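J.: Take a look at the following structure, please.
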Amino acid sequence: MNLKQLIYLKKAIELGNISRAAQDLNVAQTALGIQIRNLEEELGVILLERHSRGVAASAAGLEFLGYADQVLHALMQAKRAMHRHAENKVVDLNMGIPPSIMRLVGDHILTDFSKALTGVNLRLVEDFSFVLMELMQRAELSCTLTFAPEIEVKYKYIALLEEDLFYLTAPTDQLLPETITFREVLTHDLAMTGRKDVVTKLVQGIAQRLNMRFHVAYEVQSIRAIKNLVAKGIASTIMPYGAAEGELRSGVLRGQRIVAPSVVRTLMFAYPKDQEYQIDSPSMRQFISDITDKICATKGPVTRKL
Numbered sequence: 535m536n537l538k539q540l541i542y543l544k545k546a547i548e549l550g551n552i553s554r555a556a557q558d559l560n561v562a563q564t565a566l567g568i569q570i571r572n573l574e575e576e577l578g579v580i581l582l583e584r585h586s587r588g589v590a591a592s593a594a595g596l597e598f599l600g601y602a603d604q605v606l607h608a609l610m611q612a613k614r615a616m617h618r619h620a621e622n623k624v625v626d627l628n629m630g631i632p633p634s635i636m637r638l639v640g641d642h643i644l645t646d647f648s649k650a651l652t653g654v655n656l657r658l659v660e661d662f663s664f665v666l667m668e669l670m671q672r673a674e675l676s677c678t679l680t681f682a683p684e685i686e687v688k689y690k691y692i693a694l695l696e697e698d699l700f701y702l703t704a705p706t707d708q709l710l711p712e713t714i715t716f717r718e719v720l721t722h723d724l725a726m727t728g729r730k731d732v733v734t735k736l737v738q739g740i741a742q743r744l745n746m747r748f749h750v751a752y753e754v755q756s757i758r759a760i761k762n763l764v765a766k767g768i769a770s771t772i773m774p775y776g777a778a779e780g781e782l783r784s785g786v787l788r789g790q791r792i793v794a795p796s797v798v799r800t801l802m803f804a805y806p807k808d809q810e811y812q813i814d815s816p817s818m819r820q821f822i823s824d825i826t827d828k829i830c831a832t833k834g835p836v837t838r839k840l
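See below:
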């Protein structure tokens with residue numbers, strides 16, 4: 535029996551499919567299947583029930599999975615303990631951060647907040663949430679703050695806060711209420727980022743649920759360009775407050791919170807489960823908590839800490 539067999543079995547049970555498990559672990563499907571069969575032969579029991587739709591754990595498989603989880607957790611704890619013993623070791627962490635969050639916390643994230651991180655050389659990468667998740671998929675990021683709603687089993691997610699989105703328009707002399715309904719927002723010419731972007735997908739999902747038409751007049755993969763279109767009165771948009779914080783404060787743009795229903799996104803901290811020993815430390819938890827508190831304390835965005 536070896537650790538690979540435990541990891542392969544656990545992944546196959548989690549995903550319910552040998553092919554997907556092999557793809558997720560970046561190993562050949564044949565090799566993964568052989569390792570699990572070798573484990574079954576060694577134990578003398580069937581751990582996976584194979585069927586046309588995939589695989590499922592047998593009664594013995596579920597019981598064995600409990601022991602496998604204990605072994606893998608103990609291994610993670612051992613890695614974490616040995617990591618603490620490493621003398622003068624500085625860990626390089628590449629952390630992703632969405633643009634709207636970077637604008638709210640600014641340089642504080644590298645100056646004030648990062649002081650809480652001991653033995654860590656922190657590098658920030660700013661981009662859209664879906665891009666950050668792709669970078670982490672390619673192991674180019676160690677961890678990330680993300681609004682991406684898709685949950686992948688290979689990552690650990692910690693929900694930090696909820697944020698209401700705003701409808702942004704060019705300034706006029708007309709007084710506007712603080713809120714605007716979702717239905718009215720969709721009647722205007724909207725400039726939005728690409729279809730992969732979290733905000734666009736979120737609005738599309740709500741519109742479909744309410745059987746409403748969501749038409750994007752201008753699709754632009756640039757927040758700056760969208761804000762320019764809105765400021766000129768060519769279009770309006772849906773954005774998080776932080777993405778246009780400077781323009782809203784200076785009066786270049788004006789915003790109304792969307793209601794009935796509200797457009798809400800959730801900020802999460804995500805990292806690969808197999809890197810938990812390196813990421814999940816008291817100093818990192820404090821670091822993420824400080825960022826969350828800073829966002830929630832900022833005047834302007836409507837947020838709720840989770």
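Each residue of the sequence shown is one higher than the one before, counting from 535 in the numbering used here. For glycine and all other residues, C-beta sits at the position ideal for the given N, C-alpha and C. In this text, all values refer to a predicted model and were calculated from it rather than measured experimentally.
For S521, count neighbouring Cβ atoms within 10 angstroms of its own Cβ and tell me buried if that reaches 16, exposed if not.
T.: Only positions 535 to 840 of the chain appear in this structure, which leaves residue 521 out of reach.
J.: P806 lies in the beta strand (DSSP E); which residues open and close that run?
T.: Start and end: V798 to P806.
J.: In the DSSP assignment, the alpha helix (DSSP H) including V625 goes from what residue to what residue?
T.: It is not in any alpha helix (DSSP H) - V625 instead sits in the beta strand (DSSP E) that spans V625 to I631.
J.: Do A794 and T715 have their C-beta atoms within less than 9 Å of each other?
T.: Taking 9 Å as the Cβ cut-off, A794 and T715 qualify as a contacting pair.
J.: By Cβ distance below 8 Å, which residues in the same chain neighbour I692 in space, the five residues on each side in sequence not counted?
T.: Excluding residues within five positions, the ones whose Cβ falls inside 8 Å are M802, F803, A804 and I822.
J.: Between N551, L699 and S817, which has its C-alpha nearest T771's C-alpha?
T.: Ranking the options by Cα distance to T771, first place goes to L699.
J.: I need the straight-line Cα distance from Q569 to H607, nearest angstrom please.
T.: Each residue's Cα considered, the two are about 21 Å apart.
J.: Going by C-alpha distance, which of G834, T832 and R819 is nearest E679?
T.: It is worth fixing the name first, because residue 679 is Leu in this sequence and not Glu. That would be R819, whose Cα lies nearest to the Cα of L679.
J.: Does the beta-carbon distance from I829 to L736 come in below 9 Å?
T.: Their beta carbons are not under 9 Å apart, which means I829 does not touch L736 by this criterion.
J.: Give me the residue from R758, R743, L744 and I768 with the minimum Cα distance to V750.
T.: Comparing Cα-Cα distances from V750 to each of R758, R743, L744 and I768, the minimum goes to I768.
J.: Quick check: the segment 539-549 against the segment 566-580, are there 3 or more CB pairs under 8 Å?
T.: Enough Cβ pairs lie closer than 8 Å, so yes.
J.: Per DSSP, what are the beta-bridge partners of Q790 in this structure?
T.: Answer is Y701, bridged to Q790.
J.: Indicate whether A593 and G550 have their beta-carbon atoms separated by less than 9 Å.
T.: Going by C-beta atoms, A593 is not nearer than 9 Å to G550.
J.: How would you call P711, buried or exposed, if buried means at least 16 neighbouring beta carbons within 10 angstroms?
T.: Looking at its Cβ environment, which holds fewer than 16 other Cβ atoms inside 10 Å, P711 is exposed.
J.: To the nearest angstrom, report how far apart L656 and M773 are at their CA atoms.
T.: C-alpha separation (whole angstroms): 28 Å.
J.: For the beta strand (DSSP E) that M535 lies in, which residues bound it at each end?
T.: It is not in any beta strand (DSSP E) - M535 carries neither H nor E in the DSSP assignment.
J.: Buried or exposed: where does M535 fall if 16 or more other Cβ atoms within 10 Å of its Cβ makes it buried?
T.: M535 should be labelled exposed.
J.: Please classify R799 as buried or exposed, where buried requires at least 16 other C-beta atoms within 10 Å of its C-beta.
T.: Flag for R799 reads buried.
J.: Would you kindly check if the distance between the Cβ of S817 and the Cβ of V561 is under 9 Å?
T.: No. Outside cutoff.
J.: Excluding the 5 residues preceding and the 5 following G567 in the sequence, name in chain order all residues of the same chain whose CB lies nearer than 6 Å to its CB.
T.: If we look at G567 and ignore the five residues flanking it on each side, its Cβ neighbours are I552.
J.: Give me the Cβ distance between E697 and V836, rounded to the nearest whole Å; I'm assuming they're in contact under 8 Å.
T.: Their Cβ separation, rounded to whole angstroms, is 7 Å, which keeps E697 and V836 in contact under 8 Å.
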